[in-house]
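A short worksheet on the structure shown next.
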Ligand code: ADP
Ligand code: MG
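In this note's numbering, the protein residues as written are 407 to 686.
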């Protein structure tokens, strides 16, 4: 793997918000569009002409073997990296032009919680709600309820007063999911949020995501190798292997002999078997 130090790829560290106008088209049209999107780290191509559309209110899984570019694609979609060529649109905007950042809930693959974050579980989740409300406004009952629901959704109610730094990696990941859920975003993007999480926690996670989609008309893009818990709820599965090599319903994928209860290690095997017209 190449070091990113000194590399020439464009990295976005500042998110402009001053003069950005995003209200046009941001409540209609597709939630996500990738148009001939390509990306390279230095000279190494990671994404090559990726095309797909996710409509509002869809619950879509993004899968593919390790190193197939899923996390990179997601980081471009949420505005943390810039495409080398092609375009992306998120809620009707170029990602870095989206002014109301709370409209996107993003749970990164590995939460970046530093050792000195002096906050409790509850405070981190409240921060996710404040981003939506505006920090200067008084916390209302609905906000407290949203935080309570988010805590319950990831089974962390008992640990709400604990400093997050005392939690295990898996528990910290659940805090980040709850933080995103508490903001009731229009678009929730989750990068392997339930890797290694037990069946019961997966069920709770599934319930809260399905609730967000059903009651808030949210759009969800989920990267996961463990689709068993959500298979019945998914509208679509996109398989990425540098380009999109499959885009269809779970039923279409399983009709090709692909199980959605796939284990991580099986992924490269079943992808080899997947016959997709035009795939490289
Ligand atoms: P996935 O999430 O599907 O496992 P990633 O998007 O993390 O894939 O990585 C895609 C490819 O890009 C891999 O070959 C990985 O080694 C490479 N890569 C990821 N991050 C960096 C980076 N910061 N610098 C250089 N190469 C990277
Ligand atoms: Mg990844």
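In this text, a Cβ means the ideal position worked out from N, Cα and C, and glycines have one as well.
Contact defined as beta carbons within less than 8 Å: I believe residue i pairs with residue j. What is the distance between those atoms, to the nearest angstrom?
i: residue 642; j: residue 466; result: 5 Å
i: residue 482; j: residue 489; result: 6 Å
i: residue 368; j: residue 531; result: For the chain, the structure presents residues 407 to 686; residue 368 sits outside this window and is missing.
i: residue 645; j: residue 469; result: 6 Å
i: residue 525; j: residue 553; result: With 8 Å as the limit, residue 525 and residue 553 do not qualify as a contact, their Cβ atoms being about 13 Å apart.
i: residue 639; j: residue 616; result: 5 Å
i: residue 580; j: residue 562; result: 6 Å
i: residue 628; j: residue 636; result: 7 Å
i: residue 445; j: residue 487; result: 7 Å
i: residue 539; j: residue 549; result: 6 Å
Determine the burial state of residue i: buried for a count of at least 16 other Cβ atoms within 10 Å of its Cβ, exposed for fewer.
i: residue 651; result: buried
i: residue 607; result: buried
i: residue 631; result: buried
i: residue 662; result: exposed
i: residue 512; result: buried
i: residue 485; result: buried
i: residue 657; result: exposed
i: residue 614; result: buried
i: residue 478; result: buried
i: residue 585; result: buried
i: residue 559; result: buried
i: residue 612; result: buried
i: residue 509; result: buried
i: residue 448; result: exposed
i: residue 427; result: Residue confidence for residue 427 is low, a pLDDT of 38 falling below 50, so the modelled location carries little weight and cannot support an answer.
With DSSP collapsed to three states, give me the class of residue i.
i: residue 451; result: strand
i: residue 486; result: coil
i: residue 658; result: helix
i: residue 459; result: strand
i: residue 629; result: strand
i: residue 635; result: coil
i: residue 620; result: helix
i: residue 615; result: helix
i: residue 437; result: coil
i: residue 516; result: coil
i: residue 642; result: strand
Practice task
Say whether the stretch 451–458 touches the stretch 565–574, bearing in mind that this needs 3 or more beta-carbon pairs closer than 8 Å, one atom from each stretch.
Solution key: No, because fewer than three Cβ pairs between the stretch 451–458 and the stretch 565–574 fall closer than 8 Å, the two stretches do not touch.
Problem - Unbroken stretches of the alpha helix (DSSP H), 4 residues or longer, contained in the stretch 522–600 - result: 527–539, 547–559 and 575–588
Handout entry: Inter-stretch contact (C-beta, 8 Å, three-pair minimum) for the stretch 522–538 and the stretch 467–478
Key = no
Practice task
Inspect the CB distances between the stretch 615–628 and the stretch 586–599 and report whether three or more fall short of 8 Å.
Solution key: yes
Practice task
At 4 residues or longer, and completely inside the stretch 467–512: list those alpha helix (DSSP H) runs for me, N to C.
Solution key: 476–483
Practice task
Report yes or no: do three or more beta-carbon pairs, one from the stretch 434–441 and one from the stretch 493–506, lie closer than 8 Å?
Solution key: yes
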